[in-house]
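*Asks:*
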Amino acid sequence: MSGEGDDDNQINTVEEALDNKNLAKEENLKLKDRKVSWAKLRRVDSLNLEAGRVSMRSHSVKVSWMTTLSFAFQSIGVVYGDIGTSPLYVYASTFTNEIKNKDDILGVLSLIIYTIVLIPMLKYVFIVLWANDNGNGGAFALYSLICRHLKVSLIPNQQPEDRELSNYKLDTPSSQLKRAQKLKQKIEGSYGARIMLLLVTIMGTSMVIGDGILTPTISVLSAVSGISTSLGQGAVVGITIAILIVLFCAQRFGTDKVGFTFAPIIFLWFSFISGIGLYNLFKYEIGVLRAFNPKYIVDYFKRNGKDGWISLGGVFLCITGSEAMFADLGHFNVLAIQMSFSCITFPAILIAYIGQAAYLRKFPENVANTFYDSIPDPIYWPTFVIAVGAAIIASQAMISGAFSIISQGLSLGCFPTVKVMHTSTKHEGQVYIPEINYMFMIACIVVCAAFKTTEKISHAYGIAVVGDMMITTSLVSLIMLVIWKKSIWQVAIFFLVFGCTELLYFSAQLTKFTSGGFLPLVSALFLTTVMGIWHYVYKEKYMFELKNKVSTEYLREIATNPSINRVPGIGLLYTDLVHGIPPIFQHFIDSVPSIHSVIVFVSIKAIPVSNVAIEERFLFRQVNPKEYRMFRCVVRHGYNDALEDPAEFESQLVQHLKGFIQQESFMLDVDQAALTTTEQAPNESEVTDKGRTSSSSNRIIPTAQGGVSRVSSDSIQSLGVSGGAKSSNNNISNPPIQGAEEEVKFIEKEMEKSVVHMLAEAEVVAQPNSSILNKIVVNYAYSFLRKNFRQREQLMAIPRKRLLKVGMTYEI
Numbered sequence: 001m002s003g004e005g006d007d008d009n010q011i012n013t014v015e016e017a018l019d020n021k022n023l024a025k026e027e028n029l030k031l032k033d034r035k036v037s038w039a040k041l042r043r044v045d046s047l048n049l050e051a052g053r054v055s056m057r058s059h060s061v062k063v064s065w066m067t068t069l070s071f072a073f074q075s076i077g078v079v080y081g082d083i084g085t086s087p088l089y090v091y092a093s094t095f096t097n098e099i100k101n102k103d104d105i106l107g108v109l110s111l112i113i114y115t116i117v118l119i120p121m122l123k124y125v126f127i128v129l130w131a132n133d134n135g136n137g138g139a140f141a142l143y144s145l146i147c148r149h150l151k152v153s154l155i156p157n158q159q160p161e162d163r164e165l166s167n168y169k170l171d172t173p174s175s176q177l178k179r180a181q182k183l184k185q186k187i188e189g190s191y192g193a194r195i196m197l198l199l200v201t202i203m204g205t206s207m208v209i210g211d212g213i214l215t216p217t218i219s220v221l222s223a224v225s226g227i228s229t230s231l232g233q234g235a236v237v238g239i240t241i242a243i244l245i246v247l248f249c250a251q252r253f254g255t256d257k258v259g260f261t262f263a264p265i266i267f268l269w270f271s272f273i274s275g276i277g278l279y280n281l282f283k284y285e286i287g288v289l290r291a292f293n294p295k296y297i298v299d300y301f302k303r304n305g306k307d308g309w310i311s312l313g314g315v316f317l318c319i320t321g322s323e324a325m326f327a328d329l330g331h332f333n334v335l336a337i338q339m340s341f342s343c344i345t346f347p348a349i350l351i352a353y354i355g356q357a358a359y360l361r362k363f364p365e366n367v368a369n370t371f372y373d374s375i376p377d378p379i380y381w382p383t384f385v386i387a388v389g390a391a392i393i394a395s396q397a398m399i400s401g402a403f404s405i406i407s408q409g410l411s412l413g414c415f416p417t418v419k420v421m422h423t424s425t426k427h428e429g430q431v432y433i434p435e436i437n438y439m440f441m442i443a444c445i446v447v448c449a450a451f452k453t454t455e456k457i458s459h460a461y462g463i464a465v466v467g468d469m470m471i472t473t474s475l476v477s478l479i480m481l482v483i484w485k486k487s488i489w490q491v492a493i494f495f496l497v498f499g500c501t502e503l504l505y506f507s508a509q510l511t512k513f514t515s516g517g518f519l520p521l522v523s524a525l526f527l528t529t530v531m532g533i534w535h536y537v538y539k540e541k542y543m544f545e546l547k548n549k550v551s552t553e554y555l556r557e558i559a560t561n562p563s564i565n566r567v568p569g570i571g572l573l574y575t576d577l578v579h580g581i582p583p584i585f586q587h588f589i590d591s592v593p594s595i596h597s598v599i600v601f602v603s604i605k606a607i608p609v610s611n612v613a614i615e616e617r618f619l620f621r622q623v624n625p626k627e628y629r630m631f632r633c634v635v636r637h638g639y640n641d642a643l644e645d646p647a648e649f650e651s652q653l654v655q656h657l658k659g660f661i662q663q664e665s666f667m668l669d670v671d672q673a674a675l676t677t678t679e680q681a682p683n684e685s686e687v688t689d690k691g692r693t694s695s696s697s698n699r700i701i702p703t704a705q706g707g708v709s710r711v712s713s714d715s716i717q718s719l720g721v722s723g724g725a726k727s728s729n730n731n732i733s734n735p736p737i738q739g740a741e742e743e744v745k746f747i748e749k750e751m752e753k754s755v756v757h758m759l760a761e762a763e764v765v766a767q768p769n770s771s772i773l774n775k776i777v778v779n780y781a782y783s784f785l786r787k788n789f790r791q792r793e794q795l796m797a798i799p800r801k802r803l804l805k806v807g808m809t810y811e812i
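Residue 277 in full-length UniProt numbering sits at position 277 of the sequence shown; the count goes up by one each step and never skips.
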C-alpha cells in the first residue's frame with residue numbers, strides 16, 4: 001500500500017511540475033507580449049504606458065438600505081421643491097378666463113393625472129434616470145455618455161488611455177447588432193451630425209439655465225400672492241423682489257446642508273397639501289375621482305376645441321421640475337429618487353390637485369386663487385408660511401442646479417471662464433458661481449417687475465421646461481438605440497409616445513409667444529450663441545496648436561544649443577494639447593533663451609465622465625532627449641471635479657512625477673528581465689530531485705502613486721528584489737533604482753527652489769482671408785467674452801510672483 005502511495009505522490013509531483021512549467025511559460029509569454037506592446041507605445045505619441053497601470057478598481061459601491069432611505073428623505077428637500085409648488089398656480093394658469101362648464105374641471109384634472117403619470121413617473125423615474133453618467137444627470141451628462149461611446153466630440157483630444165479609467169465603463173456595441181454599429185459609424189462620420197448633437201445639448205442646457213431665472217420668480221410670486229387680497233398686487237411684487245434679493249445673496253453660503261435642512265419643510269408642505277386635498281375631496285365632491293377615466297379628456301377637447309388645446313399650456317405646469325429629478329441625480333442615487341417620488345411626492349401632489357378640483361366644482365368662480373381659497377381658515381396662515389418656505393426651497397434647488405450645469409459646460413469647453421466655488425465637501429456637484437449668481441438676481445428682479453403676475457410668467461415658464469424635455473427625449477432615444485442597443489420598436493415607442501406628448505404641449509405653449517413665451521426662447525438663443533461661439537474658438541485654438549506643434553528636430557537642436565541657459569526650478573507650461581509640444585514653447589525659447597531645469601508641459605483635459613480618481617488623474621511621458629528633463633503631463637478631470645489650489649496642485653503633480661520616474665525605471669528593467677527569463681524558463685521550471693519547482697506566482701509591487709504593478713516572482717528574483725531570495729541570474733544586477741532615486745531627489749530639490757506657472761497670453765484673431773462672419777465671431781464676439789470673463793490664472797488662483805505669461809497671436 002505504501003508503495004502505491006509513493007507512486008501516486010510521485011505522479012502528483014510530476015503533474016504539478018508540468019503544470020508549473022506551463023504556467024511559467026504562459027507568464028513569460030505575457031511579459032514578452034507586454035514588452036512588445038510597450039515598445040510600440042513608446043514609438044507613438046501616446047501616454048498608454050502610464051495609463052495601463054492606473055487603478056482598475058470599480059467605483060460601484062453597494063449602498064445600504066439605510067443610506068438609500070436617508071438619500072430618499074434628503075431628496076425631498078432638494079429635488080421636488082419645483083414640482084411640489086406647482087399646485088399654487090396650475091388651475092389659475094389653465095382657466096385664464098373662467099370655467100364655462102363644470103365638467104371641464106374633470107377634463108383638466110384627468111389631463112393633470114395622466115400627464116404626471118406619463119412624464120415624471122414613466123419617463124423620468126423609470127427610464128431616463130438609468131441614462132446617467134456614473135450617477136450624474138442632465139443634458140451635458142447625456143452628451144458625455146454619448147461621447148464616450150461615439151467619437152462625436154469636435155475637439156480631437158481623445159486618447160486610448162482614457163478608456164482605462166475606472167469610471168469610464170465603456171462597453172462598445174456588440175458586433176452582432178449591426179444596426180447600432182452602422183448608426184454609430186454614420187454619426188461619427190458626419191461632421192454635421194456631430195455639430196447638431198452639440199448644439200442640441202447646448203440648447204437644452206440653455207433652457208435649464210433659463211429655468212434658474214423663471215423658477216424663483218414664479219414660485220416666490222405665487223406663494224406671496226396669498227396676501228394680495230389684503231395688501232394689493234404692488235405690495236406682492238415688492239415683497240417678492242425683496243425675498244429674491246435675500247435668496248440670491250445667501251447663495252454664497254452654499255447648499256451643503258440643503259437636504260436635511262429643507263427636507264422637513266418640503267415634507268411638511270406635502271403633508272399640508274395632501275391633507276387639504278383630502279379635506280376638500282370629502283367635504284365638497286368625492287365624485288371628482290371619476291377623472292381617472294380618460295374619457296373626460298376626450299370630452300373636454302370636444303367641448304372646447306382650440307381653447308382646450310391652448311389650455312394645455314397651463315396644464316403642463318403641473319410637471320415643471322421633473323427635469324430636476326434627473327439633473328440632481330448626482331447628489332443621491334436612482335433608487336432613492338424612485339422611492340421618494342413614488343411614495344411621497346406623487347401621491348401628495350395628486351391628492352392636492354384632486355382636492356382643488358373638488359373645491360372648484362363647488363366654487364368655480366374662485367379659480368384665480370384656487371389654492372389659498374381652498375385652505376380651511378384655521379390653517380391658512382401656517383400654510384402660507386410653509387408655502388413661502390417651499391417656494392424659496394424650490395428656487396434654491398433650481399439655482400444650484402443651474403450653477404452645476406454651467407460648471408459642466410465650463411469643463412467641456414462650452415462656457416466662458418468663470419469662477420466655480422465648490423460649497424460642499426460631501427456633494428461635488430454643489431457649486432456657487434458669483435458672476436452668474438448676480439446675473440440671475442438682476443434677471444429675476446427684471447422679470448418680476450415686468451410681468452407682475454404668475455399668469456404672465458407661466459407663459460414664459462412652460463416653453464423653457466417643455467423644450468428641455470424634448471431635447472432629453474431625443475438624446476435618451478439615441479442612447480437607447482446605440483448604447484443600450486434596444487430594438488427599433490422599443491425606441492420608437494419611447495420616442496413617439498413621449499416625443500409626441502411633449503410636442504403637443506410645446507405647440508400649445510407657442511400660442512403664448514407674444515404674451516411672454518418669447519422670453520425663454522430668446523434667452524436660450526442668446527446663451528446658445530455665447531456657448532457656441534466660445535466652443536468654436538476653443539476648438540479652433542486647439543487645432544491651431546495641433547497643426548503648429550514643435551517638432552522633435554527642434555527639441556534636439558535646443559538640447560545641444562549651448563546658448564540656452566538652464567535656470568533653477570520647475571517650469572509648468574500650460575497647453576490645451578494632449579499630443580506633442582505646443583508652439584508657444586518655441587516662441588518662448590526664441591524670445592528668452594532660458595529655460596527651467598525641469599519643464600513639464602501640462603494639459604488640463606476634461607474627460608466625459610463625472611469624476612476621475614486622484615490616482616488616475618495624472619499621466620506622464622518623458623520627452624526625448626531624457627537628459628533635458630522635459631515631461632508631458634495630461635491632468636484629467638471630470639466635469640464635477642474641482643481644480644485644486646496651486647499649492648495642492650503642484651504637490652500632487654510633483655508627487656506623481658516622481659512616481660512616474662521610479663515606475664518607468666522599474667518597468668524597463670522588468671521588460672529586460674522578462675526577455676532573459678523567457679529564454680531560461682524551461683530550465684528553471686524543470687523538476688528537481690526533490691520534486692519541487694520554482695514558483696511563478698504573481699507578486700504586487702507598490703508604486704509611488706498608491707497603485708500597484710503586477711509582475712511575476714521569477715522576474716522579481718531575476719532583479720534581485722524578492723525579499724532576500726537569491727537571484728538565479730547572476731549576470732543581472734539590481735535594477736538601476738539608484739539612478740531613479742537621484743532623479744527624484746533632483747526633482748525635489750528643484751521644487752524647493754521654485755515652481756513657475758507659464759501661461760500663453762494668446763491673442764486670437766481671424767485670418768485675413770477668412771469670411772466676414774468668422775471675423776465678427778472671432779475678432780469681436782469672442783474677444784468681448786474673453787475680456788469680460790476670468791482668465792485662466794484667476795481661475796486657478798496662481799500667485800502673481802510665480803506666474804509668467806508668454807504672448808502669442810493665433811490666427812484661426
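Even for Gly, the Cβ is constructed at its ideal location relative to N, Cα and C.
For residue 6, is the classification buried or exposed, using 16 other Cβ atoms within 10 angstroms of its Cβ as the cut-off for buried?
*Replies:* Residue confidence is low: residue 6 scores 48 on pLDDT, short of 50, so the model does not pin down where it sits. No coordinate-derived value is stated.
*Asks:* Once the 5 residues before and after residue 813 are set aside, which same chain residues still bring their CB inside 6 Å of it?
*Replies:* Limits of the chain in this structure are 1 at one end and 812 at the other, which puts residue 813 out of reach.
*Asks:* When we look at the beta-carbon of residue 414 and count the other beta-carbons within 10 Å, is it buried (16 or more) or exposed?
*Replies:* Counting Cβ neighbours within 10 Å, residue 414 comes out buried, since at least 16 surround it.
*Asks:* Considering Cα atoms alone, identify which of 361, 217, 385 is closest to residue 395.
*Replies:* Nearest option by C-alpha distance: 217.
*Asks:* Would you mind sorting residue 353 into buried or exposed? The rule is 16 or more other CB atoms within 10 Å of its CB.
*Replies:* Buried, because 16 or more other Cβ atoms sit within 10 Å of the Cβ of residue 353.
*Asks:* Using the beta-carbon count (16 or more within 10 Å), is residue 323 buried or exposed?
*Replies:* That one is buried.
*Asks:* Look up residue 548 in the DSSP assignment and say whether it is helix, strand or coil.
*Replies:* Residue 548 falls in the coil class under three-state DSSP.
*Asks:* For residue 526, count the other beta carbons within 10 Å of its own beta carbon; 16 or more makes it buried, fewer makes it exposed. Which is it?
*Replies:* Looking at its Cβ environment, which holds fewer than 16 other Cβ atoms inside 10 Å, residue 526 is exposed.
*Asks:* Consult DSSP for residue 587 and reduce its assignment to one of helix, strand or coil.
*Replies:* In the structure shown, residue 587 sits in a helix (DSSP, three-state: H, G or I).
*Asks:* Please classify residue 296 as buried or exposed, where buried requires at least 16 other C-beta atoms within 10 Å of its C-beta.
*Replies:* Buried: at least 16 other Cβ atoms inside 10 Å.
*Asks:* Looking at C-alpha atoms only, which residue of 111, 108, 205 is the closest neighbour of residue 138?
*Replies:* Out of 111, 108, 205, 205 has the C-alpha closest to the C-alpha of residue 138.
*Asks:* Cα separation between residue 489 and residue 481?
*Replies:* Taking the straight line from one Cα to the other gives about 10 Å.
*Asks:* Based on Cα-Cα distance, which residue from 433, 382, 416 lies nearest to residue 403?
*Replies:* The option with the nearest alpha carbon to residue 403 is 433.
*Asks:* Indicate whether the contact test is met: 3 or more Cβ pairs, each with one atom in the stretch 508 to 524 and one in the stretch 455 to 464, closer than 8 Å.
*Replies:* Touching, yes, given that three or more Cβ pairs across the two stretches are closer than 8 Å.
*Asks:* Output the distance between the C-alpha atoms of residue 804 and residue 573, rounded to the nearest integer angstrom.
*Replies:* Each residue's alpha carbon lies about 9 Å from the other.
*Asks:* Just how far apart, CA to CA, sit residue 665 and residue 534?
*Replies:* Taking the straight line from one Cα to the other gives about 42 Å.
*Asks:* If you reduce the DSSP assignment to three classes, tell me which class residue 762 lands in.
*Replies:* DSSP places residue 762 in strand when its eight states are reduced to three.
*Asks:* Between the Cα of residue 398 and the Cα atoms of 270, 503, 440, which residue gives the shortest distance?
*Replies:* Residue 440 is the option with its Cα nearest to residue 398.
*Asks:* What is the DSSP secondary structure of residue 769, reduced to helix, strand or coil?
*Replies:* Residue 769 falls in the coil class under three-state DSSP.
*Asks:* Just the Cα atoms here: how many angstroms apart are residue 556 and residue 652?
*Replies:* Rounded to whole angstroms, residue 556 to residue 652 spans 29 Å at the Cα level.
*Asks:* Considering just the uninterrupted stretch of the beta strand (DSSP E) at residue 814, what are its terminal residues?
*Replies:* As shown, the chain starts at 1 and ends at 812. That puts residue 814 outside it, with no answer to give.
*Asks:* Quick check on the DSSP output: what are the complete beta strand (DSSP E) runs of length 3 or more inside the stretch 587 to 621, in order along the chain?
*Replies:* The stretch 587 to 621 contains these whole beta strand (DSSP E) runs: 594 to 606.
*Asks:* Give me, in chain order, the residues of the same chain whose beta-carbon lies closer than 8 Å to that of residue 288; leave out the 5 immediate sequence neighbours on both sides.
*Replies:* Excluding sequence neighbours, residue 288 sits near 105, 106, 109, 281, 354, 357, 358, 361.
*Asks:* Run the CB neighbour count on residue 739, radius 10 Å, all protein chains shown included, and call it buried at 16 or more, exposed below.
*Replies:* Exposed, because fewer than 16 other Cβ atoms sit within 10 Å of the Cβ of residue 739.
*Asks:* How is residue 623 classed by DSSP in three states: helix, strand or coil?
*Replies:* DSSP places residue 623 in strand when its eight states are reduced to three.
*Asks:* Can you tell me the Cα-Cα spacing of residue 225 and residue 76, whole angstroms?
*Replies:* Using only the alpha carbons, I get a separation of about 24 Å.
*Asks:* Comparing C-alpha positions only, which one of 111, 194, 149, 201 sits nearest to residue 181?
*Replies:* That would be 149, whose Cα lies nearest to the Cα of residue 181.
*Asks:* For residue 811, list the residues DSSP reports as bridge partners.
*Replies:* According to DSSP, which records beta bridges pairwise, residue 811 is partnered with 765.
*Asks:* Roughly how many angstroms separate the alpha carbons of residue 400 and residue 431, rounded to a whole number?
*Replies:* Going from the Cα of residue 400 to the Cα of residue 431 covers about 7 Å.
*Asks:* What does DSSP give as the partner residues of residue 805 in its beta bridges?
*Replies:* Answer by DSSP bridge pairing, in chain order: 759.
*Asks:* Taking 8 Å as the cut-off, does the stretch 575 to 585 touch the stretch 598 to 607 (at least 3 CB pairs, one atom from each stretch)?
*Replies:* With a cut-off of 8 Å, the stretch 575 to 585 and the stretch 598 to 607 count as touching, because enough Cβ pairs lie within range.
*Asks:* Anyone know if the C-beta pair for residue 569 and residue 811 falls short of 8 Å?
*Replies:* In this structure, residue 811 does not lie closer than 8 Å to residue 569 by Cβ.
*Asks:* Secondary structure at residue 416, three-state DSSP: helix, strand or coil?
*Replies:* Three-state result, residue 416: coil.
*Asks:* Can you give me the Cβ contacts of residue 549 inside the same chain, cut-off strictly under 8 Å, excluding the 5 residues immediately before and after it?
*Replies:* Only 577, 579, 580, 581, 582, 583 meet the Cβ criterion.
*Asks:* By the three-class DSSP mapping on this structure, what secondary structure does residue 273 have?
*Replies:* Reduced to three states, the DSSP call for residue 273 is helix.
*Asks:* Drop a sphere of 10 angstroms on the beta-carbon of residue 516, count the other beta-carbons inside from all chains shown, and report buried for 16 or more, exposed for fewer.
*Replies:* The residue is buried, with at least 16 neighbouring Cβ atoms inside 10 Å.
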